[in-house]
Structures are given as C-alpha cells and as structure tokens.
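Input: a single structure, listed below in structure tokens.
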Amino acid sequence: MTTGSTVEEALERAAFNADGLLPAVIQQWDTGEMLMLGWMDREALRRTLTEGRVTFWSRSRQEYWRKGDSSGHAQYVRSAALDCDADTLLVRVEQIGAACHTGTRTCFDGDPVAVTPGFPPAD
Numbered sequence: 011m012t013t014g015s016t017v018e019e020a021l022e023r024a025a026f027n028a029d030g031l032l033p034a035v036i037q038q039w040d041t042g043e044m045l046m047l048g049w050m051d052r053e054a055l056r057r058t059l060t061e062g063r064v065t066f067w068s069r070s071r072q073e074y075w076r077k078g079d080s081s082g083h084a085q086y087v088r089s090a091a092l093d094c095d096a097d098t099l100l101v102r103v104e105q106i107g108a109a110c111h112t113g114t115r116t117c118f119d120g121d122p123v124a125v126t127p128g129f130p131p132a133d
C-alpha cells in the first residue's frame, strides 16, 4: 500500500499560478457531489492539510477565510489530492450545511447550461 505525499512535499509540488494561487475543487466525500471551487495560496493549502478544516484565500477581501467560521457551514477535510500537473487540488470534505454563499447546498445547482450531449462510438 502506498502512502500520500507529506504536507511539505505537497506544498513543494503544488504549481501555484502567477498570482500565487491554486484552484481547489471541493467535493462531498461520501457522495461525490461537487460543492464549490475556491482558491488557496501556499498558507491556505498548508492550513487545510494540517488543521482538518478548509481554508481559502479570498481574492476579493485579500484575506484568509475558513469555511464555516461565520456561517456555521463548515467543511471538514477527509482527503486531498493534487491532480497530475499539481495545478489543481481536490479536497474531499464532510460538508455541514450549505457550501454556497447563496445558501444552496452546492454552487453548481443554480444555473444549468444547455449542452449537446456526446456519446462514445458504438462498437
């Protein structure tokens, strides 16, 4: 059985963008429900990986915010993984209450977009 990267290894491997940020996709750990996307700098990533609660960097307020501190709608970290390029983080959480600032469970249920579905070729 393999073990994951240490926190320090993950911090070194993470490929932050030109603004020093990494997109973090937040997913409900047991259902796979996609909850939200937030941004983390190196310190927010370190806090998330070591404190058991998700911390983001607020681009608009220019400050750290830990999900749930003011709303009570907290995210408890169950696991985390960098993608193959280390430029996106997936955080699987136990979501308490709404994930979206609008009060909905997920940030992705309020504005569906029409698509033309694709299907793999038949054998």
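First residue of the sequence shown: 11, per this note's numbering; consecutive thereafter. We put the beta carbon where it would ideally sit given N, CA and C, even for glycine.
Let's see if you can read the secondary structure: which residues bound the beta strand (DSSP E) around arginine 102? Segment 99-105, the beta strand (DSSP E) holding arginine 102.
Return the CA-CA distance between leucine 47 and aspartate 133, expressed in angstroms with no decimal places. Computed Cα separation, rounded: 37 angstroms.
Under 6 angstroms Cβ to Cβ from threonine 12, same chain only, skipping five residues before and after it: list those, please. Since pLDDT at threonine 12 reaches only 49, below the 50 mark, its modelled position is unreliable, and the value read off the structure follows with that caveat. For threonine 12, there are no CB contacts under 6 angstroms within the same chain when 5 residues up- and downstream are skipped.
Between glutamate 61 and tyrosine 86, is the Cβ-Cβ spacing less than 8 angstroms? No. Outside cutoff.
In terms of residues, what are the limits of the alpha helix (DSSP H) holding leucine 55? In this chain, the alpha helix (DSSP H) harbouring leucine 55 covers 52-61.
Find the nearest neighbour of arginine 76 within the set Ser70, Leu45, Pro33 and Ala54, judged by alpha-carbon distance. Of all alpha-carbon atoms in Ser70, Leu45, Pro33 and Ala54, the one lying nearest the alpha-carbon of arginine 76 is that of Ala54.
Does the beta-carbon of glutamine 72 have 16 or more other beta-carbons within 10 angstroms, so that it is buried, or is it exposed? With fewer than 16 other Cβ atoms inside 10 Å of its own Cβ, glutamine 72 counts as exposed.
Since alanine 84 sits in a beta bridge, which residues does DSSP pair it with? In the DSSP output, where bridge partners are listed per residue, alanine 84 has none listed.
Is the separation between the beta-carbon of arginine 63 and that of alanine 34 shorter than 8 angstroms? No, Cβ-Cβ distance for arginine 63 and alanine 34 is not below 8 angstroms.
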